[in-house]
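These protein sequence lines are chains P and C, in that order. All letters in the first sequence, in the order written, are residues 504 to 615 by our numbering. All letters in the second sequence, in the order written, are residues 11 to 119 by our numbering. The structure appears below as structure tokens.
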Amino acid sequence: DAMVIQNPRYQVTQFGKPVTLSCSQTLNHNVMYWYQQKSSQAPKLLFHYYDKDFNNEADTPDNFQSRRPNTSFCFLDIRSPGLGDAAMYLCATSRGGGETQYFGPGTRLLVL
Amino acid sequence: DAKTTQPTSMDCAEGRAANLPCNHSTISGNEYVYWYRQIHSQGPQYIIHGLKNNETNEMASLIITEDRKSSTLILPHATLRDTAVYYCIVRLEGNDMRFGAGTRLTVKP
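Next comes the structure, spelled out in structure tokens:
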């Protein structure tokens, strides 16, 4: 089945140690999104790629970066994780901007 | 995009219809109403969306009032697996999604 895959499902990192989360898709969608969801809160959009064009949300900290080497893969890099960055990170895809988004299962990040 | 208002939580008996309301009184004519749900520790799942007309698919029905200021998501025969947070989102075609607080639906045996 076509899907959005996120690995790992759980990631533990140390305070200040760079960490990368990965997302892949078999839907061949043009747009890939990254959301952050803290405990008991709604998902919050961090940024997205429309093909190779990167679109950052105005309030996304510089500590968060993203790479999209090809259509299928997109990475979320956290350069220096703080305790406040512990959250579920969700990847989503859509065919085009504004089209229905399909989410992966998420990666839960724990910062020690 | 217009702001939405949903009840914080609702209960529903298993096998009965679950009716989840959403107010979007500032919606503009070309904004769509989307519904997603999020089961605990999973990613959000698309349910249904509509512009003006009522919509139905294999998961749910979406009823939009004639003035488009409110809508209702209907799960016709709720099961325990429908327990989740349900998000109503209003957005312009082409815009990003903005999640609100959602409604926590608990389906009880």
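Just so you know, even glycine gets a beta-carbon here, dropped at the ideal spot from N, CA and C.
Residue i beta carbon near the ligand GTP (any heavy atom closer than 7 angstroms)
| i | result |
| --- | --- |
| Q514 (chain P) | As far as ligands go, the structure on display features none, and thus does not contain the ligand GTP. |
Any chain P beta carbon closer than 8 angstroms to residue i
| i | result |
| --- | --- |
| N105 (chain C) | yes |
| Q16 (chain C) | no |
| P31 (chain C) | no |
| P119 (chain C) | no |
| Y97 (chain C) | yes |
| H59 (chain C) | yes |
| G112 (chain C) | yes |
| G53 (chain C) | yes |
Rounded C-alpha distance that separates residue i from residue j
| i | j | result |
| --- | --- | --- |
| N29 (chain C) | L83 (chain C) | 6 angstroms |
| F567 (chain P) | Q509 (chain P) | 17 angstroms |
| I37 (chain C) | R78 (chain C) | 7 angstroms |
| R26 (chain C) | T523 (chain P) | 44 angstroms |
| L593 (chain P) | E76 (chain C) | 35 angstroms |
| H34 (chain C) | L90 (chain C) | 28 angstroms |
| T563 (chain P) | P119 (chain C) | 42 angstroms |
| Q48 (chain C) | H87 (chain C) | 18 angstroms |
| I99 (chain C) | H59 (chain C) | 9 angstroms |
| R571 (chain P) | N558 (chain P) | 12 angstroms |
First through last residue of the beta strand (DSSP E) which encompasses residue i
| i | result |
| --- | --- |
| H59 (chain C) | 55-60 |
| H551 (chain P) | 547-553 |
| I73 (chain C) | 71-74 |
| F567 (chain P) | 567-570 |
| E602 (chain P) | Looking at the DSSP string, E602 (chain P) is not in any beta strand (DSSP E), and its letter there is neither H nor E. |
Beta carbon proximity, residue i to chain C, threshold 8 angstroms
| i | result |
| --- | --- |
| A545 (chain P) | yes |
| F578 (chain P) | no |
| Q604 (chain P) | yes |
| P564 (chain P) | no |
Paired residues, beta bridge with residue i - DSSP
| i | result |
| --- | --- |
| K13 (chain C) | Looking at the DSSP assignment, K13 (chain C) forms no beta bridge with any residue, so it has no partner. |
| L83 (chain C) | C:L30, C:L72 |
| R47 (chain C) | C:Q55, C:Y96 |
| T610 (chain P) | P:Y592 |
Original post:
Does the stretch 602-611 of chain P come within contact of the stretch 79-98 of chain C, defined as at least 3 CB pairs closer than 8 angstroms?
Top reply: no
Original post:
If you pair each beta-carbon of the stretch 583-592 of chain P with each one of the stretch 516-530 of chain P, do three or more pairs fall below 8 angstroms?
Top reply: With a cut-off of 8 angstroms on Cβ pairs, the stretch 583-592 of chain P is in contact with the stretch 516-530 of chain P, counting three or more such pairs.
Subject >> Inter-stretch contact at 8 angstroms, needing at least 3 Cβ pairs: the stretch 108-117 of chain C / the stretch 540-553 of chain P >> reply: yes
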